[in-house]
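What follows is one structure encoded as C-alpha cells, with my remarks underneath.
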Amino acid sequence: MVGGNVSARENRRTLRGEPQSGFGTSKAIACPPPRPHTKGASAVTPRSTLRLVVLSVLILSLLATVVGRLVLIQVVSGGSYQQAAANNRVREAFTPAVRGLVLDQAGRPLVSNRTTLVVSVDRTTVVRQQDDGKQVLARLADVLGTSYLDLMDRLQLCGTEGAKRPPICWNGSPYQPIPVAINVSTDVALQIMEQRGLFPGITAELNSVRVYPKPFDVNAAAILGYLGPVRDDELQAEINGVDDQGRMLSRTDLVGRAGLEDQYDAQLRGSPGVKRLAIDRSGAVTGVIEETDPKPGNYVVTSIDAKLQKVVEDQLRAAVFRARTQGRKGDSGAAVVMDVTTGQILA
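Here the working numbering = 1-based position in the sequence shown + 149.
In C-alpha cells:
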C-alpha cells in the first residue's frame with residue numbers, strides 16, 4: 150500500500166518534469182535559464198542614438214538662427230530701424246532761400262529780387278477746423294476776389310484724385326504753406342493779419358520774386374538766362390537729397406534754365422530752411438522738432454559793363470535795320486566786346 154503510493158507520486162513528478170527521488174532513473178526536461186535583469190537599465194539601439202543626435206542638431210540650429218537674427222536686428226541694424234521709425238513720425242517743410250544777385254563789373258544789378266506780399270494757406274491747420282476749413286477758405290476767397298473753387302484747385306495736391314495739372318495744383322509737401330495769391334495789396338494783407346481769428350492757418354508775408362531790372366534799358370536775356378520749375382528727372386537723380394551740383398531740390402523750387410542763372414545756379418540758390426515737424430497717427434502736426442533758417446545765395450559779379458552793353462545792342466539793332474532796308478536778309482546778328490589785355494568779355 151505504501152509502495153503503491155510512492156510509485157504514484159513518482160509518476161506525477163515525472164510528468165511535471167520534476168526530479169525523481171529514490172533510486173529510479175528518469176530524464177528531466179531542460180529549460181533555458183532566465184535572462185539576467187539589471188534594475189534601471191534601458192535598451193538603447195544605434196538607431197535611437199542617431200535620432201537623438203539629429204534632434205539635438207536641429208534644436209541648436211534653430212536657437213542659433215534666432216539669436217543671430219536678434220543680434221542683426223538689435224545690434225547691427227538697430228540704428229537704421231530706429232531712424233526709419235522716427236522718419237514715420239517726422240515730416241519736413243522747406244523754406245526757399247533768397248536767391249543771389251547777378252551784378253555787372255560796376256556793381257549794377259543785372260538780376261535782382263523784389264519783395265512782394267504773398268498769401269499762403271497751411272493745410273494742416275485749416276483741415277483741423279470743424280467744417281474742414283470750408284468757411285475759412287470761403288472768407289479768404291471773398292477777400293482775394295476769387296472763387297472758392299479756384300482756391301480749392303490751388304490747394305489740391307498734384308497726383309490726387311480730381312487735381313488739376315501743375316502749376317495749378319500744389320506740387321510740394323502737404324506740410325508746407327501753399328501760396329495762393331502773389332503780389333497782393335497791402336490792404337488785403339492787413340485785412341488777413343488783423344483778423345487772425347477769422348483766418349486760422351492763413352498768412353500774408355513778404356517773399357522775394359526774381360526780377361531783371363535792365364540798367365540803361367539793356368536786354369541781356371541771352372546772357373542772364375531765366376528760371377524754370379524743377380523736372381522729375383532732376384529729383385530722381387538726387388543722392389541722399391542732393392544732386393550732382395550739391396543742390397537740395399524740392400518740387401516747388403525754381404532753378405536756372407539758361408545763361409548765368411543756369412551756370413551758377415548752385416551758388417545763386419543758397420540753402421533752404423528746413424522745418425522738421427512731428428505728426429501723429431492721423432498725419433496732423435503736433436509740434437516743431439527742429440527748425441533751421443535759410444541761407445541766402447551768393448552774388449555773382451560778371452565782367453559785363455551794362456553801359457557798354459547798351460551801346461552794343463543799339464549798334465547791332467541799327468545794323469540789322471540797315472541790312473533790311475538794303476534788301477538783304479537781316480533776321481539776327483551777334484557782337485562781342487572783349488578786353489584784349491585780360492580776355493574778359495565786356496559786352
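All C-beta atoms, glycine included, are put in the ideal place defined by N, C-alpha and C.
When DSSP labels each residue in this structure, what does P328 get in the three-state scheme? strand
May I ask you to report which of helix, strand or coil DSSP gives A242? The answer is strand: DSSP assigns A242 an E or B state.
Sequence-distant residues of its chain with Cβ nearer than 7 Å to Y324 (five each side left out): Shown here for Y324: same chain residues with a beta carbon closer than 7 Å to its own, the five before and five after excluded, namely R240, A242, T273, L426 and V434 in chain order.
What did DSSP end up calling E354 once you bin it into helix, strand or coil? strand
Quick check on L298: buried or exposed, where buried means 16 or more other Cβ atoms within 10 Å of its Cβ? exposed
Buried or exposed, going by whether 16 or more other CB atoms sit within 10 Å of the CB of A496? buried
Would you identify the three-state DSSP class for P258, choosing helix, strand or coil? strand
Would you report the Cα separation of A467 and V486, rounded to the nearest angstrom? 17 Å
Measuring only the C-alpha atoms, how far is D302 from P378? 19 Å
Leaving out five residues on either side along the sequence, give the residues of the same chain with a beta carbon under 8 Å from the beta carbon of Q416. G249, G446, N447 and V449
Going by the DSSP bridge assignment, what does L376 pair with across the sheet? Partner residues in the beta bridge of L376, as assigned by DSSP, are G405.
Measure from the alpha carbon of V268 to the alpha carbon of each residue in S334, R359, Q305 and V225, then state which is nearest. S334
Helix, strand or coil at E383 [DSSP, three-state]: helix
Taking the alpha carbon of Q362 as the reference point, which residue from V224, A455, P195 and D463 has its own alpha carbon closest? A small correction: the amino acid at residue 362 is Pro; Gln does not occupy that position in the sequence shown. The candidate whose alpha carbon is nearest that of P362 is A455.
Helix, strand or coil, according to DSSP, for T335 in the structure here? In the three-state scheme derived from DSSP, where H, G and I count as helix and E and B as strand, T335 is classed as helix.
Three-state secondary structure (DSSP) of R263: strand
Please list, in chain order, all residues of the same chain as A484 whose beta carbon is under 6 Å from its beta carbon, the five residues on each side excluded. V461 and L465
With a CB to CB cut of under 8 Å and the five nearest residues on each side skipped, what residues in its chain are close to L252? So the qualifying residues of the chain are P258, L259, Y448, V449, V450 and T451.
With DSSP run on the structure shown, which of helix, strand or coil describes R345? In the three-state DSSP reduction, R345 falls in the coil class, being neither helix nor strand.
Three-state class that DSSP yields for I453 in the structure shown: In the structure shown, I453 sits in coil (DSSP, three-state: anything other than H, G, I, E or B).
With L457 and E410 assumed to form a contact (beta carbons below 8 Å), what rounded beta-carbon distance in angstroms separates them? Not confirmed; about 21 Å, so no contact.
To which residues of the same chain is P315 closer than 7 Å at the C-beta, ignoring the five residues directly before and after it? C307
Counting along the chain, where does the alpha helix (DSSP H) carrying V423 start and finish? Premise fails: V423 lies in the beta strand (DSSP E), G422 to I428, not in any alpha helix (DSSP H).
Report all residues from its chain with a CB closer than 8 Å to the CB of A290; omit the five preceding and five following residues, and keep chain order. Apart from the 5 residues on each side of it in sequence, A290 sits with its Cβ closer than 8 Å to the Cβ of S296, Y297, D299 and L300 in its chain, given in chain order.
Grab the span of the beta strand (DSSP E) containing I208 for me, first residue to last. No beta strand (DSSP E) contains I208, which is instead part of the alpha helix (DSSP H) from P195 to V220.
By the three-class DSSP mapping on this structure, what secondary structure does F172 have? The predicted position of F172 is uncertain, since its pLDDT is 44 and thus under 50; a value taken from the coordinates is nonetheless stated next. Coil.
So what does K313 bridge to, in DSSP terms? Paired residues: none, contrary to the question.
Could you check what DSSP says for L306 in three-state terms: helix, strand or coil? Strand.
Is the distance from the Cβ of T401 to the Cβ of G350 below 8 Å? Not in contact: T401 and G350 (Cβ atoms no closer than 8 Å).
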